[in-house]
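Step one of this worksheet: look at the structure below.
In the UniProt record's numbering, the protein residues as written are 1 to 570.
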């Protein structure tokens, strides 16, 4: 027996390679390998208005590393990609619009975002062991995209750059301010985010339980709620009305009509035609949820975009020049931006990366839950650590990819839950589709041609979904007297800043300090206070740490229970 042992230890490697080849051949050449036992009819059957005719039998659940039929892997990967798509193309479109960049640069930014998300999602889905129990990646279908916290903060940073003369702008006789193109501002955002990403990288080595104690649901829920709410007001609704550039009703210049006077059918902001087109996209999302199949429900945002674009195109509101001018094939670094650092943006971007870490913890927890993995214990803690580390490294690398900081996205958790497919093979197909969409430049041109009202109708729903996610996180809070106090204090700053955006803009106008470093610090404070979720998040986190738990809170409910007992006895 002792002489046979070495042979037994060597045999599995050769059998393993042979078995892998045989398994691949079976998957490619057999019906079961392509289709498996999945109920594709259930996936594609719509909900009929006169009754539910779907089969009650749920499809099988495919775990992280289970054998997955090839067709299901492709279909599920496409669903993940389409479910993410609206969230991935929105930030670069808004960045380009805020900086008045030309269509070629805007199309490139969309392509770079899709390619970068595909590549870095592959890293996030991995689970590479580094040293001493530390990992890179979550090992789940954790996809990445530009965080909406970055989007909200970037708007305040860009406003500061135009106000202090870093970016060019002209003022007309009637007081209307027209912003000039400022690609260097985007380069400064990338450079600043690159150095600030080191904070999240270092946070990944802090025990996850400590991070969860510092950033409990009270803090994270408040931050996520205000991110969604602020984006509805700063981007969603203004675009629904025709475009944020002409929201102020300028009496002269290119933005006198929406989206510009050069558009095929320009109209004043808030015209019924523009609002109607946006409402068509919005109602399409609702109708898809009512009558659509599980496949369509997972991509309802894309359905809204497609239907809105079809009607807008037939009515003459679509300018296809962006599609014609877009290259057939593109990739990263076709266009580049001069990397720099904008000192006043350092403090806000550090806060953004703290916010990204908070979002990552919540999103990874949700992904583990729908993937039927443990949400506590050493393995889960290692997934949190690996995810936050990959998040920080992704923020560093994405800046080199000319893409704004990328963070864990939660948009695909609904796809996992509905399709019952948590398999990483489907996730890799998702990454392949994202990279393909980015490489095909005409697709980016098509996204750039989406009329603002169509984009606004869809993104308003998307940003509202972010706000609802914040409410869901807040629902986990017990809401003792202390918790209500913390939330009220945080919302005093956040909601006040949201409803009256300019209150902190001129806070240091009377302070002209010769020290540029100190002046930059004042500008940083202005940006933080002008960003609702940052101001509220700082207040909530600080008060949560310094306010002690009151012992009386545990017995506040006792008298009420005694009254209930007495009333029941009577």
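C-beta: ideal position from N, C-alpha, C; glycine also.
- Within the segment 134 to 197, complete beta strand (DSSP E) segments of at least 3 residues are found at 144 to 146, 169 to 171 and 177 to 179, given in chain order.
- Non-local C-beta neighbours of residue 471 in its own chain, meaning closer than 8 Å and more than five positions away in sequence, comprise 221 and 225, ordered along the chain.
- Classified as exposed, residue 289 has fewer than 16 neighbouring CB atoms from the shown chains inside 10 Å of its CB.
- For residue 407, the three-state secondary structure derived from DSSP is strand.
- Contact between residue 100 and residue 165 is ruled out by a C-beta separation of about 16 Å, above the 8 Å threshold.
- Leaving aside the five residues that flank residue 384 on each side, the residues in its chain whose CB is nearer than 7 Å to its CB run, in chain order, 208, 361 and 364.
- Inclusion of residue 92 and residue 110 in the CB contact set at 8 Å is warranted, their separation being smaller than that value.
- The C-beta of residue 286 has fewer than 16 other C-beta atoms within 10 Å across all chains shown, which makes the residue exposed.
- Excluding sequence positions up to five before and after residue 261, its CB lies within less than 7 Å of the CB of 254, all in the same chain and listed in chain order.
- Under the DSSP assignment, residue 473 falls in the alpha helix (DSSP H) whose first and last residues are 452 to 474.
- Scanning the segment 338 to 412 for uninterrupted beta strand (DSSP E) segments of 3 residues or longer gives 406 to 408, listed from N- to C-terminal end.
- A distance below 7 Å between beta-carbons, with the five flanking residues on each side excluded, links residue 328 to the following residues of its chain, in chain order: 441 and 442.
- The Cβ atoms of residue 214 and residue 495 do not sit closer than 8 Å to each other.
- DSSP places residue 40 in the helix class (H, G or I) of the three-state scheme.
- Under the 8 Å Cβ criterion, the segment 415 to 424 does not count as touching the segment 149 to 168, having fewer than three qualifying pairs.
- Apart from sequence neighbours up to five positions away, the residues of its chain that approach residue 483 with a beta-carbon distance below 7 Å are 218 and 477, ordered along the chain.
- For residue 62, the secondary structure class from DSSP, reduced to helix, strand or coil, is strand.
- Beyond the five residues adjoining it in sequence on each side, residue 267 comes within less than 8 Å, by CB distance, of 242, 257, 258, 273 and 274 in the same chain, given in chain order.
- In this structure residue 460 is buried. Its beta-carbon is surrounded by 16 or more other beta-carbon atoms within 10 angstroms.
- Scanning 417, 318 and 150 for the CA closest to the CA of residue 370 turns up 417.
- By the neighbour-count criterion, in which 16 or more other beta carbons inside 10 Å mark a residue as buried, residue 319 falls on the buried side.
- CA-to-CA, the gap between residue 178 and residue 246 works out to about 10 Å.
- Residue 529 holds the alpha-carbon nearest to the alpha-carbon of residue 503 among 44, 529 and 252.
- Distance between residue 415 and residue 139, taken at the CA atoms: about 17 Å.
- Look at residue 267 here: in three-state DSSP terms it is strand.
- Shown here, residue 115 sits in a helix according to DSSP, grouped into three states.
- Beyond the five residues adjoining it in sequence on each side, residue 135 comes within less than 8 Å, by CB distance, of 127, 128, 129, 382, 383, 385, 386 and 389 in the same chain, given in chain order.
- Rounded to the nearest whole angstrom, the C-alpha separation of residue 71 and residue 467 is 35 Å.
- Annotation: the continuous alpha helix (DSSP H) that includes residue 289 extends over 272 to 291.
- Between residue 239 and residue 456, the C-beta gap is smaller than 8 Å, which places the two residues in contact.
- Less than 8 Å divides the Cβ of residue 399 from the Cβ of residue 194.
- Around the C-beta of residue 420, 16 or more other C-beta atoms lie within 10 Å, and the residue is accordingly described as buried.
- A residue is called buried when at least 16 other Cβ atoms come within 10 angstroms of its Cβ; residue 44 does not meet this threshold and is exposed.
- If you draw a straight line from the Cα of residue 546 to the Cα of residue 499, it is about 28 Å long.
- Here the alpha carbons of residue 434 and residue 144 stand approximately 11 Å from one another.
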